[in-house]
Every structure is written in C-alpha cells, then in structure tokens.
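Below: one structure, written as structure tokens.
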Amino acid sequence: MISLDNLTVSYGGWTLFDNISFLINPKDRIGLVGKNGAGKTTLLRLITGEQQPTSGAVTINGDCTIGYLPQTMRVADTTTLVEEAGKAFEEVLALEAEAARLTAEIAERTDYESAAYEQLLHRLDEAQERYRLLGGDTREADIEKTLLGLGFRRSDFDRATSEFSGGWRMRIELAKLLLRRPSIFLLDEPTNHLDIESIQWLEEYLKNYSGAVLLISHDRAFLDNVTTRTVELSLGKVTDYKVPYSKYVALRAERRAQQKAAYENQQRMIEKTEEFIEKFRYKPTKSNQVQSRIKQLERLERLEIEEEDLATLNIKFPPAPRSGQIVAEIREAGMSFGPKHVFSGADFTIEKGDRIAFVGRNGEGKTTLARMIVGQLAPTEGSIRLGANVNIGYYAQNQDDLMDGDFTVYDTLDRVAVGDIRTRLRDILGAFLFRGEDIDKKVKVLSGGERARLAMARMMLEPRNLLVLDEPTNHMDMRSKDILKNAILKYDGTVIVVSHDREFLDGMVDKIYEFRDGGVQEYLGGIYYFLEKRRLASLQEIERRDRPANASGRSGGGTGSGAAAPKNGAAAGAPAGTALAAGSGAAVRNGAAAKGAGTVAAPVSGKASYEQRKEQEKLLRKLRKAVETIEASLADLERRIAEYDAKFAAASSYDEADYKAYNDLKAQYDHQMHEWEKASYELELTEEG
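Structure follows, in structure tokens:
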C-alpha cells in the first residue's frame with residue numbers, strides 16, 4: 002500500500018535518516034517507536050508529502066487515502082461541535098447531491114436504449130455504492146457514536162467549537178479523522194489529550210478498523226493493545242519487529258545480546274589470526290600458512306555491532322524534608338467558575354507517604370483540585386488545609402505558558418535557583434540530557450519533550466515533601482517515562498499524580514480518586530484495580546438503567562436480588578471503552594428479580610416463597626461449584642509452574658519448547674484467575690441477595 006524506499010534526510014552535515022526502507026501493508030497495525038528527536042514525526046510528514054527526503058522515495062498506491070493527526074494543528078472555531086464533525090462527510094454530501102441530480106435527469110429521459118442513458122445508470126450506481134461505502138446511510142449515528150466515544154456529552158453537540166479548550170478541539174479533529182475512514186491512519190501521540198475511558202474506546206476502534214494504522218505513542222499499554230508490529234527508529238536506522246511493543250523490548254534485548262556475542266567471538270578470532278600472522282610472518286616454513294591466514298582475513302565479512310542509543314535521563318529526587326503526618330485535609334471541597342460547576346463533595350485526607358492518582362474525564366476537575374492543593378485556586382465551597390511543614394513541588398501541565406521562550410535553558414534554571422544549588426546547575430541540566438551547546442538554546446526552539454524535561458529539572462532545584470505532578474509524562478519517550486517512574490518509586494515523600502497513562506500509574510500509586518459527574522470517588526488500590534471496579538460499576542449502572550420501570554416509576558422489583566444480566570456479557574449503550582466481562586451478572590439470570598421485573602411488588606405466597614428459596618439455593622450451589630472447580634484448576638497450574646521453576650533453576654541449557662510450555666501455563670493461570678474473580682464476584686452478589 003505504501004512503500005518507503007531508501008529514504009535519507011540530511012540537515013547540513015547531520016543525517017537524520019540513512020537509507021531506511023520498509024512497507025506498510027493493508028490492515029497493518031504499526032507502532033513507530035524511538036527516543037524524542039529520532040525522527041518519528043518527520044517520517045509521518047514524509048509519508049503525507051509535507052516534507053521531502055534528501056534522497057529516496059515514498060510510493061503510495063493510487064487508491065490509498067491518508068488520515069493524518071499531528072501533535073499540534075490549527076482548528077476551526079466557526080461552527081457547532083456536531084456541524085464541525087459533519088465536515089468529515091464532505092464527499093458523502095457531494096455524492097448525495099450528485100445522486101439526486103442523476104436521479105432527476107434519468108427520470109426526465111426517454112432514450113432508454115442509448116449508450117448515454119446506460120452511462121447515467123452506471124454513474125448513479127457508482128455514486129450510490131461509494132455513498133454506502135463511506136457510511137452515508139449511517140452518518141448521523143456514526144457522528145454521535147464517535148463523539149460520545151471520545152468523551153463528549155450529548156449536551157455538547159450544539160455548543161460552539163470556540164467554547165472548547167485546546168485539548169477538546171484536538172478531539173474534534175480526531176473525531177473528523179475517524180469519521181473519514183481513510184485507508185491508513187497516521188496518528189502522532191493521539192492519547193495526549195484523552196482520558197482513560199476515551200483511550201480504551203479508541204483502542205477498540207483501531208483494533209477493529211478495516212484499514213491500516215501507523216501510530217506514534219509513548220503510552221505502552223495503548224501500543225500493546227493496538228499494534229501487532231513495531232518499527233524502531235534509532236540513530237538513523239530502522240528495525241522492523243513483527244510483534245507489539247512489550248515483546249519488541251524483549252526481542253530487541255535478545256537480538257542485541259546475540260549481536261554482541263557474535264561480534265566478540267569474531268573479534269577474538271581476528272585477534273588470534275593477526276597474532277599468528279605477526280609471529281610467523283618472516284618464517285619461511287610458515288609462509289603458506291601465513292598467506293592463507295591473510296587471505297582468510299581479507300575474505301572475512303566483518304560484523305558490526307549495532308550502536309545503542311544509551312542517552313537517558315538520570316533523575317533522583319532530593320530527600321523529602323520532614324512534614325507532619327497529615328499533609329492535606331480536603332473537606333467537602335468544590336469549585337465553580339461562575340455558573341459552571343466543576344465538582345463538589347471532595348472529602349478526604351492525604352497522609353505522609355501517600356501515593357495518589359487523580360483520574361477521570363477531561364474537564365471534571367482533576368487539574369482544578371491539583372491547583373487548589375498547591376494554592377493557585379481557592380475552593381468556592383468547603384476547605385483545603387495543608388499540614389505542618391508541607392513544601393510543595395508542582396509540575397503543571399501547561400509548561401509552555403509558564404516558561405519564557407526568550408530565556409535560554411540555563412537562564413530558566415538560573416533565575417529561580419538560590420544558594421549553593423547554583424553551582425550545580427550544569428550537572429542538573431546534564432542529568433536531564435541538556436549537554437554542551439544545548440544549555441544555550443532558547444526555550445522557544447525546544448521540542449515538547451525537551452520542555453517537559455526542563456520543567457522537571459526546574460521543579461527539582463530544592464527539596465520538596467509533596468509532589469503534585471499534572472500529566473508529567475506528556476511528550477516524554479518510553480525510557481524517560483520509565484526512569485521518572487523509578488525516581489518517583491524511590492522518592493520518600495508524598496505524591497499526587499494526574500495522569501491518563503495506565504502503565505505509568507501501575508505499581509506507583511495505591512489510592513485512586515476518580516472525578517466523575519461532578520463528584521469525587523475514592524478507590525483504595527492500584528490503577529488496574531480501579532479500572533476493574535469501574536467496569537463492574539458501569540455494568541450495574543447499565544443493568545439498573547435497562548431494567549423496566551414499575552407502575553410507580555421505580556425500577557422493576559420482585560423480591561430477588563440484583564438486576565437482569567446483559568446478553569452475551571455486554572449491554573447496549575455501554576459507556577465508551579467499557580469492556581463488560583462475559584458472565585457478569587449471571588448470578589441473577591434465574592433469580593426472582595427476573596421474574597418480578599416490570600410488575601408492581603405483590604405479597605408473596607408461602608409456596609411461591611419456598612420455590613424462590615429453592616431456586617436461590619440451587620443457584621448458590623451451582624456458583625459455589627464453579628468457584629471450587631476454578632480453584633482446583635489454579636492449584637494444579639501452580640504446581641506445574643513450580644515444577645518448571647525448579648527445572649529451570651537446575652538447567653544447564655536452553656530448551657525453547659520448555660519455555661513455550663511454561664509461558665502457556667502462566668497465560669492459562671492468568672486467564673483462570675480472571676475467571677475466578679468473576680465467579681467469586683457473582684457468588685458474592687447472590688449471597689448478599
């Protein structure tokens with residue numbers, strides 16, 4: 002579909018790409034990875050034709066259409082949301098008008114046997130077929146589904162696009178791109194302005210899309226869930242791996258280890274051969290052997306070990322000064338901006354050493370509460386009180402607005418540093434990859450990733466015991482994110498993180514506050530625990546919503562517990578990105594609730610009550626049996642995995658079949674654990690009923 006042939010891009014004496022080539026096939030799902038500055042965005046611009054290579058060519062199949070979402074773009078502000086989204090169907094509207102014109106012309110003609118009449122019929126058929134292919138028949142439904150999936154509300158549809166923030170306007174452009182249905186999506190950091198629910202919805206959309214996808218993302222979970230192929234750009238070269246990102250990381254390490262071993266073996270052979278040649282070069286009795294060794298070296302194809310880009314951040318937060326046990330008390334806090342209500346009822350205590358994440362849809366108040374905690378905003382209801390000796394380090398999301406573009410990198414730190422730390426500014430900048438002439442660059446010429454690193458360096462100029470980090474990983478590459486995460490894990494103070502990056506939050510936070518529908522909900526656990534609880538809560542919400550109302554306008558009753566389960570483990574109208582587990586809610590499929598749904602509750606006779614109890618007990622026995630069966634299976638899998646662990650510990654050679662079987666067992670174990678969690682949850686619901 003698209004062929005990149007021997008592309009070279011040079012700027013003066015510096016080469017960004019050096020004769021790189023690869024193919025993009027229909028239905029490919031490619032993750033384009035590499036450190037910031039490796040040329041990922043440049044490669045997308047070469048494919049779209051916005052930039053030309055120094056040499057080489059990009060060949061695009063004539064039928065191929067491209068949908069490109071850059072990191073930043075100009076957006077329109079002249080229409081409403083739904084009208085702007087409808088612009089994605091410009092070709093559909095043109096085809097609709099053409100079909101109407103052709104139909105009117107055909108109705109007026111009487112030369113049914115002529116070639117011109119037949120040509121009109123043929124053109125009308127083509128226009129109607131193209132119209133259906135582009136989704137003309139379902140465009141209104143598609144617009145609604147896409148906008149809701151990307152986090153907009155129905156109440157937003159008639160709002161002017163000028164009322165939306167920059168992040169939401171980027172979502173509008175993404176919606177238009179998805180609705181155009183191009184042959185290939187080129188997406189540059191599409192998750193930067195999305196919340197977790199919208200990211201999950203986009204994952205499902207792209208996985209099921211009929212065309213190809215080439216995307217740049219620093220969201221490891223998003224890459225793993227969408228892509229099946231990883232193309233790495235490093236030091237001007239391209240390496241193609243036919244696996245998702247996490248598997249690519251492992252394969253890349255194996256490949257480099259193999260390259261290094263082969264290179265070292267050859268170097269030892271060359272060294273010994275050269276020693277032999279030098280030792281016996283002038284001995285007549287060894288002349289034939291010497292000449293043979295010389296020719297052997299001349300014919301030898303010298304191996305070159307692939308250069309490795311080892312430039313990484315070297316972050317270590319200063320030790321946290323001592324603070325009181327209570328870091329902050331948030332009491333019934335809320336915020337409104339004039340008539341616009343953001344959230345209310347935030348009521349919790351942050352204690353020393355807490356690791357907290359604020360999550361939720363954009364605009365629900367995550368950043369607002371973060372700014373309230375650091376003192377930039379005052380609550381319009383309730384109160385926020387900081388504890389004793391709390392010293393806050395704040396990383397704001399809008400770093401571009403907070404740094405003067407005309408200052409140099411060095412000046413940006415020098416103007417806020419005080420005391421002895423000023424003597425170490427060059428070392429600090431070096432730890433954040435600003436070395437040599439980089440420190441004299443103006444802030445306005447820095448990339449997004451470079452600005453993020455500079456802002457982080459500025460925040461670390463003095464010790465803090467409370468870090469408030471608002472989307473710290475936006476624009477950071479994978480390795481920089483990993484190093485920042487490790488630095489936070491080793492930090493001994495209190496941390497609040499606003500983030501939509503699931504992989505970054507995983508293992509780092511132990512308490513989640515979700516901002517949703519004007520309120521704040523606490524979840525004690527990690528990010529994936531929260532996502533599972535949110536999925537189950539969404540399921541119950543859908544069940545309640547879909548249950549028929551009784552004569553009093555209340556939810557249909559009966560005396561049984563729970564609600565009717567959705568068909569096939571999913572419910573129509575599920576929130577975007579919500580995956581509903583098959584079988585959830587099954588505990589009540591045969592319960593009394595289903596029998597009484599949609600009727601006014603009536604007195605239950607003794608016989609009916611007995612039958613209901615009998616049915617309930619039967620269901621409980623079935624569910625307990627299911628849980629016991631899964632637990633027995635888990636015990637067997639644990640035993641077999643332990644046997645392999647012991648075998649590997651004593652092994653002296655590598656057996657690929659054993660490792661494959663071992664990994665299969667671990668996959669089975671993970672699956673069975675998931676099934677056990679679902680079955681246990683269903684049993685718990687039924688027992689409570």
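Be aware that the sequence shown starts at 2, since it is given in the working numbering, and climbs by one per residue. Even glycine gets a Cβ: it sits at the ideal position worked out from N, Cα and C. Nothing here was measured: the structure is a model prediction, and the numbers come from that model.
For the ligand ATP, is there any heavy atom lying closer than 6 Å to the beta carbon of ALA100? Because no ligand of any kind appears in the structure shown, any question about the ligand ATP cannot be addressed here.
Segments of 4+ residues assigned as alpha helix (DSSP H) that fall wholly inside the region 37 to 84: If we require 4 residues or more, the alpha helix (DSSP H) runs fully inside the region 37 to 84 come out as 41 to 49.
Separation of ARG436 from TYR529, as counted between CA atoms: As a first step, residue 529 is located in the sequence shown; it is residue number 528 there, counting from the start. As a first step, residue 436 is located in the sequence shown; it is residue number 435 there, counting from the start. A straight line joining the alpha-carbon of TYR529 with that of ARG436 spans about 38 Å.
Closest by CA to ARG459, which one among TYR492, LYS482, ARG480, ARG425? As a first step, residue 459 is located in the sequence shown; it is residue number 458 there, counting from the start. That would be ARG425, whose Cα lies nearest to the Cα of ARG459.
Secondary structure, beta strand (DSSP E): runs of 3+ residues fully inside the region 210 to 247: 213 to 217, 230 to 235, 238 to 242, all fully within the region 210 to 247.
Closest to TYR514 by C-alpha separation, out of THR79, LEU47, GLU523, ASP502, would be which residue? Looking up residue 514 in the sequence shown gives position 513. Considering only THR79, LEU47, GLU523, ASP502, the residue with the shortest C-alpha distance to TYR514 is GLU523.
I need the straight-line Cα distance from THR407 to MET457, nearest angstrom please. For the purposes of this step, residue 407 is identified with residue 406 of the sequence shown, where counting begins at 1. For the purposes of this step, residue 457 is identified with residue 456 of the sequence shown, where counting begins at 1. The amino acid occupying residue 407 in the given sequence is Asp; Thr does not appear at that position. Distance between the alpha carbons of ASP407 and MET457: 19 Å.
Evaluate GLU438 with the Cβ neighbour count: other Cβ atoms within 10 Å of its Cβ, from every protein chain shown; 16 or more gives buried, anything less gives exposed. Walking along the sequence shown from the start, residue 438 turns up at place 437. It counts as exposed.
Beta-carbon proximity of LEU148 to ALA176, cut-off 7 Å: Here residue 148 corresponds to residue number 147 of the sequence shown, with the count starting at 1. Here residue 176 corresponds to residue number 175 of the sequence shown, with the count starting at 1. Pairing LEU148 with ALA176 gives a Cβ-Cβ distance under 7 Å.
Give me whichever residues DSSP pairs with ALA161 in a beta bridge. Indexing the sequence shown from 1 puts residue 161 at position 160. Bridge partners of ALA161: THR81.
If we ignore side chains and look at the alpha-carbon of each, how far apart do GLY40 and TYR396 end up? Sequence index remark: in the sequence shown, residue 40 carries index 39 (1-based). Sequence index remark: in the sequence shown, residue 396 carries index 395 (1-based). In a straight line, the C-alpha of GLY40 is about 27 Å away from that of TYR396.
So is VAL410 buried or exposed if we call it buried at 16+ other beta carbons inside 10 Å? Position 409 of the sequence shown, counting from 1, holds the residue named residue 410. The residue is buried, with at least 16 neighbouring Cβ atoms inside 10 Å.
GLN673 versus ALA658, GLU616, GLU688, GLU639, residue with shortest Cα-Cα distance: Locating residue 673 in the sequence shown gives position 672, where the first residue counts as 1. When only C-alpha atoms are compared, the closest one is GLU639.
Identify which residue in SER22, LEU252, GLU333, VAL496 has its Cα closest to the Cα of ILE385. Walking along the sequence shown from the start, residue 385 turns up at place 384. Just measuring C-alpha positions, the residue of SER22, LEU252, GLU333, VAL496 sitting nearest ILE385 is GLU333.
Residues that DSSP places opposite ALA358 in a beta bridge: The count along the sequence shown starts at 1 and reaches residue 358 at position 357. VAL498, ILE513.
Measure the C-alpha to C-alpha separation of LEU581 and ASP29 and round it to an integer number of angstroms. The residue given as residue 581 occupies position 580 in the sequence shown. The residue given as residue 29 occupies position 28 in the sequence shown. Legend: pLDDT at LEU581 = 33, less than 50; position of this residue unreliable, value from coordinates given subsequently. Straight across, the Cα-Cα distance linking LEU581 with ASP29 is about 27 Å.
If you count every other CB in all the chains shown that lies within 10 Å of the CB of THR79, and 16 or more means buried, which is it? Within the sequence shown, numbered from 1, the residue matching residue 79 stands at position 78. The residue in question, THR79, is exposed, as its Cβ has fewer than 16 Cβ neighbours within 10 Å.
Considering PHE505, what are the terminal residues of the alpha helix (DSSP H) in which it resides? Here the question's residue 505 lines up with position 504 in the sequence shown. Taken as a continuous stretch (DSSP letters only), the alpha helix (DSSP H) holding PHE505 covers 503 to 506.
Going by C-alpha to C-alpha distance, which of ASP220, LEU216, PHE433, ALA329 sits closest to SER247? As a first step, residue 247 is located in the sequence shown; it is residue number 246 there, counting from the start. Out of ASP220, LEU216, PHE433, ALA329, ASP220 has the C-alpha closest to the C-alpha of SER247.
Please tell me whether ALA371 and ASN466 are closer than 7 Å, where the distance is taken between their beta carbons. Counting from one through the sequence shown, the residue named residue 371 turns up at place 370. Counting from one through the sequence shown, the residue named residue 466 turns up at place 465. If you check the CB distance, ALA371 and ASN466 do not come in under 7 Å.
Evaluate the contact criterion for the region 118 to 127 versus the region 198 to 214: three or more CB pairs, one atom per stretch, below 8 Å. No, they do not touch.
Could you check if TYR12 is buried or exposed, using at least 16 other CB atoms within 10 Å of its CB as the buried criterion? For the purposes of this step, residue 12 is taken as the residue at position 11 of the sequence shown. That one is exposed.
Out of curiosity, what's the CA-to-CA distance linking MET373 and GLU382? Here residue 373 is taken as the residue at index 372 of the sequence shown, counted from 1. Here residue 382 is taken as the residue at index 381 of the sequence shown, counted from 1. Each residue's Cα considered, the two are about 12 Å apart.
Please give the ranges of any alpha helix (DSSP H) in the region 369 to 414, keeping only runs that are unbroken, at least 4 residues long and fully inside the region. Listed in chain order, the complete alpha helix (DSSP H) runs (minimum 4 residues) inside the region 369 to 414 are 400 to 403.
Along the chain, where does the alpha helix (DSSP H) that runs through HIS123 open and close? Along the sequence shown, one-based indexing puts residue 123 at 122. Secondary structure note for HIS123: its alpha helix (DSSP H) is the uninterrupted segment 116 to 134.
With C-beta atoms as the reference, is VAL291 less than 7 Å away from ILE271? Position 290 of the sequence shown, counted from the first residue, corresponds to residue 291. Position 270 of the sequence shown, counted from the first residue, corresponds to residue 271. Not a contact, by the Cβ cut-off of 7 Å.
Can you tell me whether HIS675 is buried or exposed, with buried defined as 16 or more other CB within 10 angstroms of its CB? One-based indexing of the sequence shown puts residue 675 at position 674. By the neighbour-count rule (16 or more Cβ atoms within 10 Å), HIS675 is not buried but exposed.
Could you give the DSSP three-state label for ALA602: helix, strand or coil? What you label residue 602 is simply residue 601 of the sequence shown in a count that begins at 1. Low confidence applies here, because ALA602 scores a pLDDT of 38, under 50, leaving its location unreliable; read the following figure in that light. Residue state, collapsed to three classes: coil.
Helix, strand or coil: which one does DSSP assign to GLU1? With the chain covering 2 to 690 only, the question about residue 1 has no answer from this structure.
Is TYR524 helix, strand or coil when you go by DSSP? For the purposes of this step, residue 524 is identified with residue 523 of the sequence shown, where counting begins at 1. For TYR524, the three-state secondary structure derived from DSSP is strand.
Which of helix, strand or coil DSSP assigns to LYS648: Here the question's residue 648 lines up with position 647 in the sequence shown. If DSSP states are grouped into helix, strand and coil, LYS648 belongs with the helices.
Give me the residue from MET171, LEU462, MET509, GLU463 with the minimum Cα distance to LYS482. Within the sequence shown, the letter at position 481 stands for residue 482. Measuring C-alpha to C-alpha distances from LYS482 to each of MET171, LEU462, MET509, GLU463 identifies MET509 as the nearest.
Taking only the alpha-carbon atoms, compute the straight-line gap between GLY150 and GLU205 and give it to the nearest angstrom. Walking along the sequence shown from the start, residue 150 turns up at place 149. Walking along the sequence shown from the start, residue 205 turns up at place 204. When the Cα atoms are used, GLY150 and GLU205 turn out to be separated by approximately 10 Å.
Using 8 Å as the Cβ pair cut-off and three pairs as the minimum, do the region 346 to 358 and the region 286 to 303 touch? No contact exists between the region 346 to 358 and the region 286 to 303.
Thinking C-alpha only, which one of ARG641, LYS679, GLN120 is nearest TYR663? For the purposes of this step, residue 663 is taken as residue 662 along the sequence shown, with counting starting at 1. Checked all of ARG641, LYS679, GLN120; the closest Cα to TYR663 is ARG641.
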